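Residue numbers (my numbering), protein chains in the order written: chain A, 1 to 237; chain S, 1001 to 1239; chain R, 2001 to 2289; chain V, 3001 to 3382; chain C, 4001 to 4337.
Where a beta carbon is used, it is the ideal one built from N, C-alpha and C, also for glycine.
It should be emphasised that the depicted structure is a prediction, and the values quoted were computed from it without experimental measurement.
The structure under discussion appears below in the form of structure tokens.
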Amino acid sequence: MMLRVSNLDAGYGNLQVLRNITFEVNSGELVSILGTNGAGKTTLLRTLSGLISTTNGQIEFNGKHIQKMQPENIVKEGLIQVPEGRMLFTEMTIRENLELGAYSSAARKNMKKNIEYCFKLFPILKERENQMAGSFSGGQQQMLAIGRALMAQPKILLLDEPSTGLSPLLTKQVFDIIKEIKQQGVTVLLVEQNAHQALSMSDRGYVIENGEIVMSGTAESLLQDNKLRESYLGLAN
Amino acid sequence: MELLKIKGLTKRFAGLVAVNNVNLTLNKGEIVGLVGPNGAGKTTLFHSVCGFHTPEEGSVKYNGKEIIGNKPEHICKEGIARTFQIVQPFGNLTVLENVIVGAFNREKSYKEAERLALENLDLIGISSLAYSRMKDLTFPNQKKVEVARALATSPEVLFLDEVMSGLNPSEVNEFIELIKNIRDSGISIFFIEHLMSAVMALSDRLAVMHLGEKIADGDPQEVMKIPTVVEAYLGEEVS
Amino acid sequence: MLTLILQSLVDGILMGGIYGLVAIGLTLIFGVMKIINFAQGALLMLGMYISYWSFSLLGLNPYLSIPLSAISLFFIGAIIQKTILSKMLNAPEHNQLLVTLGIMLVIENLALILWSPDFRSVKLEGFIQTFNIGEVGVNVPKLIAFIAAIVLSIGLFLFLKKTMLGKAIRATSINRNGAMLSGINTNRINYIAFGLGASLAAIAGSLITPFFYTSPTVGATFILKGFVVVVLGGLGNFIGAIIGGLIIGISEALGGAFLPGSLKELMTYIIFVIVLMAKPNGLFGGKAR
Amino acid sequence: TGEAQSGDENIVKIGALHPLSGALANEGQEMRDAARLAVEEINEAGGIESLGGAKVELIEADHEGAPEKGMSEIQRLDREKVVGVIGAYSSGVTLPATQEAERAGIPFVVDIATVEEVTKRGFKYTFRVQPPASTMAANFLDYFNVLNEMSDSPLETVVLVHEDSVFGTSIASLIEKGAADHGIEVLDNIPHAATTADLSSTINKINRLKPDAVIATTYLRDGTLLVNGLNQSNFQPKAIIGVANGAFSNTSFINDETEINQYIMDVNYSINPQSNLAIEVSKRYEDQFNKHMGPNAAYSYTATKVLIDAVERAGSTDRAKIQKALSETNLTEHILPQDSIIFDESGQNANAQAVLNQIINGETKVIYPDEYKNADAVLPTK
Amino acid sequence: MRKFPILISLALLIFTFFPLIVKDQYYMHIAILILYYALVSQAWNILSGYSGQFSFGHAAFFGTGAYTSSILFTKLGVSPWIGLFAGALIAALIGLFIGYLSFRFKLRGVFFSLGTLAFAEILRIIIQNFDIFNKTLGVLIPYKPDPLMFQFSSRTTYYYIILLFAFAVTVLVYYISRSKLGYNLVAIRENEDAAQSLGVNTYKNKMIAIAISASLTAIGGTFYAQYMLFIEPATTFSNDVSINILLPAIIGGAGTVLGPIVGSLIIIPIGELTTTLFGNFVGANLMAYGVILILVMLYLPEGIVGWFQNKFGKEKNAKKKKDNSINGGEDVGTFKN
Ligand SMILES: Nc1ncnc2c1ncn2[C@@H]1O[C@H](COP(=O)(O)OP(=O)(O)OP(=O)(O)O)[C@@H](O)[C@H]1O
Ligand SMILES: Nc1ncnc2c1ncn2[C@@H]1O[C@H](COP(=O)(O)OP(=O)(O)OP(=O)(O)O)[C@@H](O)[C@H]1O
Ligand SMILES: [Mg+2]
Ligand SMILES: [Mg+2]
């Protein structure tokens, strides 16, 4: 087991968003988290990365309890996130953004190699390596955010709606890249609105609503679920 | 009737031609979609028409009047309202206050502005968020507020930049209905979106940009069959 | 007349170097970390006192006490960051201003209590104060400070641009959450950055000690110009700080030579305003978002 | 408002209002120390006789150089029921503070505040010990001529350098006005901010104008910058003469800057070196506070003594009576280089005057007028 | 904020009766200072708290007010009552000039802040170098109580005048905060691009804000000059003045109607309190003041009023939220049965 979350509560100040969340991700799996707008998916990922402190419950990653760890140490453990809103260093160049992705000492060793890898995945990053990240188009910024996360050599990669703002072509590419990353042995936790596509490449999925996990199962079973088809996949039966 | 006519519009950034000699029209009552690969120049085109960038060349006629060179606020006053791809919230204000700012575009009294704002929040279906602080909202909700805010300025034309990204498919379906209703209330719409289902469902007409140039413009079904479009934007075939 | 102009130019350049020197630490804290640090002058004052006391108690030449003052202030700066400023990273920007104002009041008055308001000076025996090039005199302590300013600014420029630590400092100030998610210990980075800013203030202080009286309120003399120079050069731009300093120094010197009354001071601000009109982000500032 | 003040019959409170913190703290604290000394002396000598040996208590107040602070401190002192106040060094604070004291009916003996207007407002409760700007300027012009008579290398041209607050400006402009009548040619009158970090442009101007003498009204820091800069530049004037100069009379300057301060002159209020009392007091001051008793301290000391003398003569803590006693002051036993201290109608110490000092071998000496001098002038030569 | 009219009337009532109860001149002086700082800080609040253009140089406007009325009075015998308006007018013009240079050329953030500071310095230097302004000698206003000449023998009169000013300005700000202008200003503060996209003429609104702010600050300047009867350029145009002007608003809560008054009510007495408590130990009082500043900002980052609004506003909002959802506001929860 790579990641096990049990009875997790978290939120912002007085506002509790996550209630009693329990789930797990096995090594090498690709797990999707679905949920309506404002359900708490982003909050969950932020909590996993240590940006939000838990009020209750446990997060176990590779056998270590990480719920009290600082974000940077969680990164060192290999839990990497492509955050919602991208959180790029807008007044720094593309290249610098990528370099900073490899800040931890382990990743720094392979920086050159990994940059080349990112450049191969997203050629636009190479073309514009000296442009300021802030002047990138929305989709270009999304590519950079994914690239920066890959620079950290994740053991588990958390992706918060990675296809947001990407063209259909790129969306496909990004999903292909996710598959490829998985192939390489990286575990992936994926939050996506494009539920159909996400589930179709996932092993398992969880549905979160109002901060609670209300449903879980294998990808196939979820794809077949009637309620889910209606309210998430937009497919009336 | 031609409401908005973009002619030969070109916008450059230090060596990069982000928008290259683009011609486009928006007719009254129409919904026009704009798609294209990331970095094609769609947002830049919006910025240029709405006065946030000064294009190097070209003209934009609104109701027959040249609006290039006008400040964004004048363009809003003229009747073009917009949302932003990268949300631009008034973070420390409540949702209602955000929309009231928009409502004050035409209203003078606070009472009227508040009424108009509440009305629009209701229309977009986010009245329950009225008293939340804008910066505490999720991105998709912030985008909804931006739509309400833009509508509150009582525009004739609405520019929407990827307002549906981050919504799940069911929510997208609701939003599609919403946009149709807005059009039916007499507002013409020009929107950028990457969600093909929404694009196809909404567009009366569809334009495609690639590397700054407009490479197609016409009936959505037809446009989506053009090989260059397929290649540049969709990759392989249409689903 | 020519001598006067030349002499004014030399004086202006040297004084400009001093302004630049003061501005370097400020542009790190103010320009890169985005903290309007009113306490910078007080930190400079502490640097001066460290050099003064090392001199009067240990007989240490102020130039030799630079490492001592730099290291001490690094820790003081890091402590200020850790205990106070780190707690207000999410507060509105102007709050930091009041907090640093509070810090300034505390430091200055602590100095007043500990060391009395007496003016203290360091007299270097057998130290050549000036030398002449032709008819133009060059002040040696100021020349040393000037050279130090240039070396420091280039060093810091390279540090921020080329090293991972430097990049991490910039990244943290741009997007703290993003930096955390990249594995950067942002708290540590902030201690280092503020500590560094404070130790730069101390270095400036130590370099000023040989030609300027030390007293609890001495910081005020330099800090206002320091802010002006930082903004003139563009926030966070070290080379800009030196050039900004030179512009102010030279214009003051020439203004002083040819304008009546205290109108020379007007030069500083008028140039400042004109530069900002032409370049709203300072001479070497990037584009606004 | 004029009624008996102290709660405790045996304590008479007087206030001392000075800039104890902020940029002028050095001067302010030096003056407060002098007031402390004066009070101590009185109490050691048995307190105020006419009040049955009542002890004097000094209430110290800090105005930080801020006018409104000065005003509120006067009110605070009023509530403390002081019988009178001394202060306040900065002219900008002294003006509103004395006005406030006038309103409240508190006798205010100004120790230092140069600006003329302090005693020009028809106030009943304001008295000033220090010679005002006009006296300083007049004394300077007279002494300058005397100096020239003594010397075989007369000084003809001068450049005036002054700090640009009301203190330096008022003195310098009065000198400039009177210069022609005294046969002095003023080549330039150069102001600077007291807090300046750099005086090189002033020095360059002096270098170009090459005056016989530089006349300076400055504070410590800028004064030192000036002398240092002149010393290092290629031109040396025959004389540097201060007028009420805050540097040339300051311990730090006199003791620490021996390389450059030799023979600098200063027209300043100071103690009378011919008076044994003055020597004793300044010795005690030096022992107690570990610094030289400069003119500021001398005047605060005197102001305190003047106020207490008035209380003694009034035999009451009634402020109105003390005011009356103050106006009748005729103090002969004092440490200043002047005749007895008496106040004219406006409240100005009528006999106040400056003397001509010179720093000789790291010590400041009075060199003129003859009745006060304790050293012979080292005259400018060419 | 609907409670504002009640709150303000109550405060006005208390302030009106204050002199009848408290006769002590010291307390009266402190009360005057409180109201005076409430006035100028409120003026600053309009430009900097509401529209977010953080001015570091309000001493420029303060000094303009003080100097205009004082020079007119001492040189031409013009009543300071007239000088008050003249000062306000000139300050507004100077404000517009500064605004033109800053806003037309898009000075933002700290660039604007230091720009305003530079203007305050420029004015100081100009005053110091020209004879009509008495150069550095300052202006001494002869002490001759005469209500027509804005000079009173009784401190109470000064008190009521500044009370009137401070409350009038607060009420004005209350109305602005609920008006189109207020919303425009806040929108500019929060996000200029978004504001523009909604038809807010950012330039015009900023110009209006700086003109109002400058003229009200100048009124404070005239009052100050008439109260102190002496002004000099070094202190009148100093940074300290600018900082003292912005302090109450930030402590109380920038961008709130009551912030400046509340801030002033707290910060001025604290200054006096630390002096009284630590006054005998010079420096300790200012250290204590500094520590208090730090603590207030650490624990009440949005100022006192901001803190209250958050604390009590939240509950109110939560209630409203519920009401709304009951009234058919769409709710989530498709899954939980
Ligand atoms: N910084 C914040 N402060 C307070 N509340 C917040 C904050 N961020 C999010 N919230 C609230 O927490 C709840 C969950 O938000 P979250 O961002 O986790 O949703 P999500 O599932 O990621 O939604 P989406 O699909 O829209 O991204 C929402 O009600 C949101 O308004
Ligand atoms: N301010 C700027 N400076 C430099 N280059 C810019 C700037 N803004 C945009 N660009 C570049 O212009 C091109 C067009 O950008 P634009 O934002 O218009 O793309 P877009 O079509 O909206 O893409 P997306 O679908 O990803 O949002 C991109 O290559 C982008 O990097
Ligand atoms: Mg989310
Ligand atoms: Mg775009």
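The alpha-carbon of Leu-1121(S) is positioned some 30 Å away from that of Gln-141(A).
Exclusion of the five residues before and after Asp-2011(R) leaves Ala-2253 as the residues of its chain whose Cβ lies within less than 7 Å of its Cβ. A heavy atom of ligand 1 is found nearer than 7 Å to the CB of Thr-43(A). Take Ala-3325(V), set aside five residues on each side of it, and the residues of its chain with a beta-carbon closer than 7 Å to its own are Ala-3310, Arg-3313 and Ala-3314, in chain order. With a cut-off of 7 Å, the C-beta of Asn-1092(S) is classified as distant from ligand 1, since no heavy atom of the ligand falls inside that distance. Residue-level contact by beta carbon holds for His-3192(V) and chain R, with a gap shorter than 8 Å. Identification of chain R residues near Thr-3202(V) by a Cβ-Cβ cut-off of 9 Å yields Gly-2256, ordered along the chain. Contacts between Gln-81(A) and chain R, judged by CB atoms closer than 9 Å, involve Leu-2181 in chain order. At least 8 Å separates the CB of His-1047(S) from every CB of chain A. Of all alpha-carbon atoms in Ile-4245(C), Pro-4005(C) and Gly-4063(C), the one lying nearest the alpha-carbon of Phe-4133(C) is that of Gly-4063(C). Within the DSSP secondary-structure output, Ile-3112(V) pairs in no beta bridge. Judged by DSSP secondary structure, Lys-3055(V) falls outside any alpha helix (DSSP H) and instead within the beta strand (DSSP E) spanning 3055-3062.
Asn-2281(R) reaches chain C at Phe-4111, counting residues in chain order whose Cβ is nearer than 8 Å. Residue-level contact check: Gln-3338(V) does not touch chain C, since none of the beta carbons of chain C fall below 8 Å from its beta carbon.
Burial state of Arg-3032(V) is buried, judged by a 10 Å Cβ sphere holding 16 or more other Cβ atoms. Ranked by Cα distance from Phe-2211(R), the first of Leu-2004(R), Val-2122(R) and Gln-2096(R) is Val-2122(R). Under the 8 Å Cβ criterion, the region 1208-1227 of chain S does not count as touching the region 189-199 of chain A, having fewer than three qualifying pairs. The alpha carbon of Pro-2117(R) has as its nearest neighbour, out of Glu-3280(V), Ser-3252(V), Lys-3365(V) and Pro-3295(V), the alpha carbon of Ser-3252(V). For Tyr-1233(S), the number of other beta carbons within 10 angstroms of its own is at least 16, and it is reported as buried.
Every unbroken stretch of the alpha helix (DSSP H) spanning 4 or more residues and falling wholly within the region 1078-1142 of chain S is given here in chain order: 1095-1103 and 1110-1124. Taking a Cβ-Cβ cut-off of 7 Å, the neighbours of Arg-1082(S) in chain C comprise Ser-4197, given in sequence order.
At least 8 Å separates the CB of Gly-4221(C) from every CB of chain V. In the structure shown, Phe-2238(R) adopts helical secondary structure according to DSSP, grouped into three states.
Residues of the region 3145-3168 of chain V whose Cβ lies closer than 7 Å to any Cβ of chain C, in chain order: Asp-3164, Ser-3165 and Val-3166.
Against chain R, the beta carbon of Met-92(A) has neighbours under 8 Å at Lys-2167, Arg-2170, Ala-2171 and Ile-2174, listed in chain order. Here the alpha carbons of Ile-2169(R) and Leu-2235(R) stand approximately 14 Å from one another. Looking at Gly-4263(C), Gly-4199(C) and Gln-4226(C), the one whose alpha-carbon comes closest to that of Tyr-4158(C) is Gln-4226(C). The Cβ atoms of Ala-195(A) and Leu-166(A) do not sit closer than 8 Å to each other.
Listed in chain order, the positions of the region 3084-3101 of chain V with a beta carbon within less than 7 Å of a beta carbon of chain C are Gly-3092, Leu-3095, Pro-3096 and Gln-3099. For Lys-1108(S), at least one C-beta of chain C is nearer than 8 Å to its own C-beta. Look at Gln-140(A): its beta carbon is less than 7 Å from one of the heavy atoms in ligand 2. Positions of the alpha helix (DSSP H) runs, each at least 4 residues long and wholly inside the region 3216-3278 of chain V, are given as 3220-3232, 3251-3256 and 3258-3261 in order along the chain. Our two residues, Val-214(A) and Val-1095(S), have alpha carbons roughly 29 Å apart in a direct line. Residue pairing by DSSP places Ser-216(A) opposite Tyr-206(A) in a beta bridge. For the region 3007-3032 of chain V, the set of positions with a beta-carbon nearer than 7 Å to some beta-carbon of chain R reads Ser-3021, Gly-3022, Ala-3023, Ala-3025, Asn-3026 and Gln-3029 in chain order. Taking 8 Å as the CB threshold, Gln-3262(V) stays off the interface with chain R.
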